[in-house]
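Below is one structure, written out as structure tokens; the observations come after it.
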Amino acid sequence: MLFLYNLGIRFYSFAVWVASFFNPKAKLWLEGRKNLFARLNTAFQGNTDPVIWFHTSSLGEFEQGRPVIEHIKANHPELKILITFFSPSGYEIRHDYDQADYVFYLPLDTRRNAQKFLSIVRPQAVFFVKYEFWYHFLNETQKTNVPMLLFSSIFREQQFFFKSYGRFFRKVLRNYTHIFVQNQASVDLLQSIQVQSVSIAGDTRFDRVKAIADQQEQFPVVETFVNTQLTLVVGSSWWRDLVVLIPFLNDFGAPLKTIIAPHEINDQEIERLQDTLNKKSVRYTHFQDKPLDDEAVQQALRESDVLILDTIGMLAGLYQYADFAYIGGAFGEGLHNTLEPAVFDTPVLFGKEYDKYQEAIDMVNLRGAFSINNTEELSQVMNDLYFDEEKRAKAAKVCTEYVLANLGSSDKIYQYFVENIYKK
Numbered sequence: 003m004l005f006l007y008n009l010g011i012r013f014y015s016f017a018v019w020v021a022s023f024f025n026p027k028a029k030l031w032l033e034g035r036k037n038l039f040a041r042l043n044t045a046f047q048g049n050t051d052p053v054i055w056f057h058t059s060s061l062g063e064f065e066q067g068r069p070v071i072e073h074i075k076a077n078h079p080e081l082k083i084l085i086t087f088f089s090p091s092g093y094e095i096r097h098d099y100d101q102a103d104y105v106f107y108l109p110l111d112t113r114r115n116a117q118k119f120l121s122i123v124r125p126q127a128v129f130f131v132k133y134e135f136w137y138h139f140l141n142e143t144q145k146t147n148v149p150m151l152l153f154s155s156i157f158r159e160q161q162f163f164f165k166s167y168g169r170f171f172r173k174v175l176r177n178y179t180h181i182f183v184q185n186q187a188s189v190d191l192l193q194s195i196q197v198q199s200v201s202i203a204g205d206t207r208f209d210r211v212k213a214i215a216d217q218q219e220q221f222p223v224v225e226t227f228v229n230t231q232l233t234l235v236v237g238s239s240w241w242r243d244l245v246v247l248i249p250f251l252n253d254f255g256a257p258l259k260t261i262i263a264p265h266e267i268n269d270q271e272i273e274r275l276q277d278t279l280n281k282k283s284v285r286y287t288h289f290q291d292k293p294l295d296d297e298a299v300q301q302a303l304r305e306s307d308v309l310i311l312d313t314i315g316m317l318a319g320l321y322q323y324a325d326f327a328y329i330g331g332a333f334g335e336g337l338h339n340t341l342e343p344a345v346f347d348t349p350v351l352f353g354k355e356y357d358k359y360q361e362a363i364d365m366v367n368l369r370g371a372f373s374i375n376n377t378e379e380l381s382q383v384m385n386d387l388y389f390d391e392e393k394r395a396k397a398a399k400v401c402t403e404y405v406l407a408n409l410g411s412s413d414k415i416y417q418y419f420v421e422n423i424y425k426k
């Protein structure tokens, strides 16, 4: 099995190289790893402070890890924080994160790379976020007796760890010093395969979205666009979401402002979106540097029905303007973050495939979130929420109370860290 794993890693690297000739993300993936070890050597040369290494796959996992990173940094300024990313979607946006001392791409998972990386970095503890099972990095780290923690994980019976052919992958799980999971079902599954060092800590995303809500960052362009009207924020939409949403938006007759944040931002897709809408739409970047005290600018924003968010890093804070939120990905790509709108007193809608997301299941059962299969169902739910203020307020309250009831995961992980890993 190890031979097949190594072969798969090599094949993946080759596939990314081929894709880099026509795919910008693949090109960034390769370029970000050029001279990586030389840059690591330069960065860590002469460092004598303890290093805590956090690995996050992409931007979503990074946001999930932030509460723990910031907890440790605030209480232990003597520690150096290293963050590695697998994906450009995380590194390119957060490489200048001010709570980290070092930010790099993760080298390709080979035995030699893992050994070389560890010899340079010499971490005192390692944190992996949610789903990280790189065989060589885990195996080589375990050989050095450096503690490794995995947090905010959730496991399901369908995963390969729990299949007859999953022996190789079960060994990877046993390398972890401790695994923090989201629910009891995950504990039971892990213990069924003799992974005993596991406990429930919940999901650190609850802590992260609460921190975002507490910041109350203002967005003047969006405030001018919304202008006190009822607003739908569409977060991380894919085209399969828009196929359902656009007919509703085109036919909806009551006053409604809509903010659409596509998951993939490119001019061709945005033009396609604007061409399909029969409502007046504008792009955020066309207004971000314009004077908002100019009457013509104000009028252009206020007369528009749809604002397309063609920039990255703002979405989580924009849900404060939402009266309704639709979250993309639940028609096949994978549901995105439903907690970001929930914390802002906002009913949440999404597509039909949400059974892998505990928070979505919970909020649907509590009647704060609504799953839809098609445009007709979307229209029915939106009409109910739009015209029934009491129902809208009740759903919004359910979502916020759900978030507040699940805070504290990062505290539990930090407490384990100071009691068992880093004792000053």
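Numbering (our numbering), first residue to last: 3 to 426. Beta carbons are placed, not taken as given, at the ideal position from N, Cα and C, and that holds for glycine.
- Query: Terminal residues of the continuous alpha helix (DSSP H) containing A21?
  - Reply: L4 to A21
- Span separating the alpha-carbon of A215 from that of Q144: 38 Å
- So which of A187, F24, K27 and L84 has the shortest CA-CA distance to D100? L84
- Pairwise C-alpha distance: A397 and Q417: 34 Å
- Message: One question on the structure: do Q47 and D205 come within less than 9 Å of each other, judged by their Cβ atoms?
- Response: no
- Item | Spatial distance of L244 from V235 (CA atoms) | 13 Å
- Check whether the region 384-399 touches the region 56-76, counting contact only when three or more Cβ pairs, one atom from each stretch, lie closer than 8 Å. No: the two stretches stay apart, fewer than three of their Cβ pairs being nearer than 8 Å.
- Message: Once DSSP output is grouped into helix, strand and coil, what is the label at K145?
- Response: helix
- Query: Based on Cα-Cα distance, which residue from G353, A407 and I363 lies nearest to E378?
  - Reply: G353
- Message: Just to confirm my understanding: we take Q360, look at its own chain, exclude 5 residues before and 5 after, and list those with CB closer than 7 Å. What are they?
- Response: Cβ within range, chain order: I156, Q184 and N185.
- Query: Going by DSSP, which residues form a beta bridge with R285?
  - Reply: I310
- Own chain partners of N376 with C-beta closer than 8 Å, once the 5 adjacent residues on each side are dropped: V246
- Task: State the beta-bridge partners of P264 as determined by DSSP.
- Result: S239
- Among I181, L110, R169 and L279, which residue has its Cα nearest to the Cα of I128? Note on residue identity: the sequence assigns Val, not Ile, to residue 128. Nearest C-alpha to V128: I181.
- In terms of residues, what are the limits of the alpha helix (DSSP H) holding W55? Note, W55: premise wrong, no alpha helix (DSSP H); beta strand (DSSP E) at V53 to T58.
- Query: Among residues of its own chain, excluding the 5 on either side of Y1, which ones have a beta-carbon nearer than 6 Å to its beta-carbon?
  - Reply: No statement about residue 1 is possible, as the shown extent of the chain runs from 3 to 426 and does not include it.
- Considering L406, what are the terminal residues of the alpha helix (DSSP H) in which it resides? E391 to A407
- Task: On the DSSP bridge assignment, give the partners of L30 in chain order.
- Result: Looking at the DSSP assignment, L30 forms no beta bridge with any residue, so it has no partner.
- Query: Contact check, I262 vs L311 under 8 Å by CB: the rounded distance?
  - Reply: Correct: roughly 7 Å between the Cβ atoms.
- Query: Just curious, the beta strand (DSSP E) that T86 is in, first and last residue?
  - Reply: K82 to F87
- Provide the residue(s) that pair with M384 in DSSP beta bridges, ordered along the chain. Paired residue(s): none; M384 is not in a bridge.
- Closest residue to A407 among S306, R207, T313 and Y356 (Cα-Cα distance): R207
- When you compare only the Cα positions, how much space is there between K212 and S412? 12 Å
- Message: Once the 5 residues before and after Y286 are set aside, which same chain residues still bring their CB inside 7 Å of it?
- Response: V223, L309, I310, L311, D312 and T313
- Spatial distance of F250 from L6 (CA atoms): 48 Å
- Item | Same chain, Cβ closer than 6 Å to H97, neighbours up to 5 away in sequence not counted | V105
- Query: Roughly how many whole angstroms lie between the Cα atoms of R12 and Y93?
  - Reply: 22 Å
- Environment of R114 [buried if 16+ CB atoms lie within 10 Å]: exposed
- Contact set for L368: own chain, Cβ-Cβ below 7 Å, skip 5 residues either direction: V400 and Y404
- Message: What does the Cβ neighbour count give for V174, buried or exposed, with the cut at 16 atoms within 10 Å?
- Response: That one is buried.
- Query: Identify the residues that DSSP records as bridge partners of H180: which are they?
  - Reply: L151
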